[in-house]
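**Student:** Using our numbering, the letters of the sequence shown map in sequence onto residues -17 to 381.
The beta-carbon is built from N, C-alpha and C at its ideal position, and this holds for glycine as well.
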Amino acid sequence: MIETIRAAFVIARRDFSAIIFSKSFFFFLLGPLFPLIIGVAAGGLGQQVRDDIDRPVIGVALEASQSAKLVEARTTLSKNLGNGAFPELLLLPNVHPTDPEIKAKLNKASKPLTAIVSGSLEAPVLTGSAPDVKRWSGKIALLSETALSGSNPITVKADFVGTTGSSKKRTQIATAQGGQIILILLTMILAGMVLSNLVEEKTNKIIEILAAAIPMDAIFLGKLFAMLGMALVGITVWTTLGFIGVTVINAGIPNLAAPAVGWPLFCILLVLYFSMAYLLLGSLFLGIGAMATTVREVQTLSMPVTMGQLLVFFLAAYTVTKLGEPIEWFAVLFPFSSPFAMIARAAQMDNIWQHGLALIWQAMFTLIIIRFSVMLFRRNVMKTGNSARKKNLFARMRG
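1. In terms of residue numbering, what span does the beta strand (DSSP E) encompassing Ala97 cover?
2. What does the alpha-carbon distance come out to for the pair Gly28 and Ala(-10)?
3. List the endpoints of the continuous beta strand (DSSP E) containing Ile40.
4. Which residues in the same chain have their Cβ closer than 6 Å to the Cβ of Ile136, if we skip the five residues on either side of it in sequence?
5. Note the first and the last residue of the continuous beta strand (DSSP E) segment covering Glu70.
6. Strictly by DSSP, which residues pair up with Gly110?
7. Would you mind reading off the limits of the alpha helix (DSSP H) that contains Met342?
8. If you count every other CB in all the chains shown that lies within 10 Å of the CB of Gly120, and 16 or more means buried, which is it?
9. Among Ala140, Glu104 and Ala105, which has the Cα closest to the Cα of Val115?
10. For a test of the three-state rule: what should DSSP assign to Ser387, helix, strand or coil?
11. Thinking C-beta only, is Leu254 closer than 7 Å to Thr169?
12. Output the residue ranges of the alpha helix (DSSP H) runs that lie fully inside the stretch 259 to 328 and measure 4 residues or longer, sorted by chain position.
13. Does DSSP put Ser131 in a helix, a strand or coil?
14. Within a Cβ cutoff of 7 Å, which residues of the same chain sit near Tyr260, ignoring the five residues on either side of it in sequence?
15. Counting C-beta neighbours from all protein chains within 10 Å, is the total for Glu195 16 or more, i.e. buried, or is it exposed?
16. Would you call Trp157 buried or exposed, if buried means 16 or more other Cβ atoms sit within 10 Å of its Cβ?
17. Could you check the C-alpha separation between Gly271 and Ile309 for me, to the nearest Å?
18. Measuring only the C-alpha atoms, how far is Ser257 from Gly224?
19. Here's the rule I'm using: 16 or more other beta-carbon atoms within 10 Å means buried, otherwise exposed. How should Leu63 be labelled?
20. Do the CB positions of Leu73 and Ser102 come within less than 7 Å of each other?
21. On a CA-only basis, which of Pro75, Ala326 and Glu45 is nearest Glu104? Give me that one, please.
22. Sorted by chain position, which residues of the same chain lie with C-beta nearer than 7 Å to Asp332's C-beta, five sequence neighbours on each side aside?
23. Distance check for Val138 and Ile100, CA to CA, integer angstroms please.
24. In terms of residues, what are the limits of the alpha helix (DSSP H) holding Thr137?
25. When you compare the stretch 340 to 348 with the stretch 196 to 205, are there three or more beta-carbon pairs, one atom per stretch, that lie closer than 8 Å?
26. Does Ser265 come within less than 7 Å of chain B when only Cβ atoms are used?
27. For Leu71, collect the residues of the same chain with a Cβ closer than 7 Å to its Cβ; drop the 5 residues on either side in sequence, then sort them by chain order.
28. Which residues in the same chain as Ala67 place their Cβ atom closer than 8 Å to its Cβ, once the five residues preceding and following it in sequence are excluded?
29. Are the beta-carbon atoms belonging to Gly204 and Ala(-6) less than 7 Å from one another?
30. According to the Cβ coordinates, are Phe202 and Val356 closer than 7 Å?
31. Find the nearest neighbour of Val143 within the set Ile166, Gln154 and Val107, judged by alpha-carbon distance.
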């Protein structure tokens, strides 16, 4: 085992150095920046559309007559200023304006509430998180002044809460979805290089020279971790450039709720689950490279794997809101969807031990795939030599 690890380290160092110090690696780093720019622009447009559709809702806990006046004032002003200028108002008939437990009502309404206005029209009180209260205090004051038909300015009293349960749940789901999207994009961009590297060395007969001196398990393991190291270098460069870009253009980082495990641990788990997703898909590509001898065969075999990866991503994305249900447990236990499902759990569940078990399970399955890939390579290339290349692809898969 120690000799295998040492040999794998030699192969990993060789491949890593050859890739990092090559001229093409610089252009590889620049490649994803162009779709990233397009993605940021499309994301901005999508966010604008979501803002137009997902209107904030403010609960109204006033006397019945004053609630009616406030709703009427909103209707009047919306005709002149546009419906999007004011939040939707939801009457709360069972909530008294002076109810001491009004903060608890934020999470118990029929719709997720941004804030609740209580008190009276003459002295309204807006209860909600600090950003929401600051954003809508002016609009509530204007609605109150219009409802009273007076010229005296209205001052809205703020009653802050840390964060509402409904908004926290929604934003944690958004954090989970963001983590899944980052994993699938990086994995699909970077994992294919494992396949091209192996096929290139098979074509040049380099792999056969290495196999004569080093165990095949060590070669495959070394290549896989060399590519993972290259991927992490690329991610580090892209992340650094991204933070610099955000700082320069002052665009700001999206306001996402803190994951249940906290941001530091969530970022560590994001790196670990990316590594496991990369190793799982990369080991599968190594098995494909062991069977393929031409570029055409590589394309034939890799396309179903890529489509399958998208399917397991869709499975994990579908189960984000179904924690604990059988379909979600299946996504957690199925190795190829497990990294995506577990990063969603990290955003919504605070228990840590489950991530240790998941990482061990994914690592074990990676080793199983590597072992199977080595068996295929020995059977199709090393043992049969040139005669294996004369067989068709289906015959080689059957051995």
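**Tutor:** Reading off the structure:
1. Ala97 to Gly101
2. With a pLDDT of 45 at Gly28, under the threshold of 50, the predicted position of this residue should be treated as unreliable, though the coordinate-derived value follows. Whole-angstrom Cα-Cα distance: 45 Å.
3. Val39 to Val42
4. Ala123, Ser126 and Glu127
5. Glu70 to Leu73
6. Ala97 and Phe142
7. Sequence check: residue 342 is Ile here, not Met. Element bounds for Ile342: Trp335 to Phe359.
8. exposed
9. Ala140
10. Only positions -17 to 381 of the chain appear in this structure, which leaves residue 387 out of reach.
11. no
12. 277 to 300 and 308 to 315
13. coil
14. Thr169, Leu172, Ala173, Leu210 and Ala213
15. The sequence as given places Ala at residue 195; Glu does not occur at that position. Burial call: exposed.
16. Note on identity: in this sequence residue 157 is Thr, with Trp being the wrong assignment. With 16 or more other Cβ atoms within 10 Å, it is buried.
17. 32 Å
18. 20 Å
19. exposed
20. no
21. Glu45
22. Ala242 and Val243
23. Here the sequence assigns Ser to residue 100, which means Ile is not the residue at that position. Rounded to whole angstroms, Ser100 to Val138 spans 10 Å at the Cα level.
24. Run containing Thr137: none; DSSP gives neither H nor E here.
25. no
26. The chain labelled as chain B is not found in the depicted structure, where only one protein chain is given.
27. Ile40, Val42, Leu52, Val53 and Arg56
28. Leu59, Ser60 and Lys121
29. yes
30. yes
31. Val107
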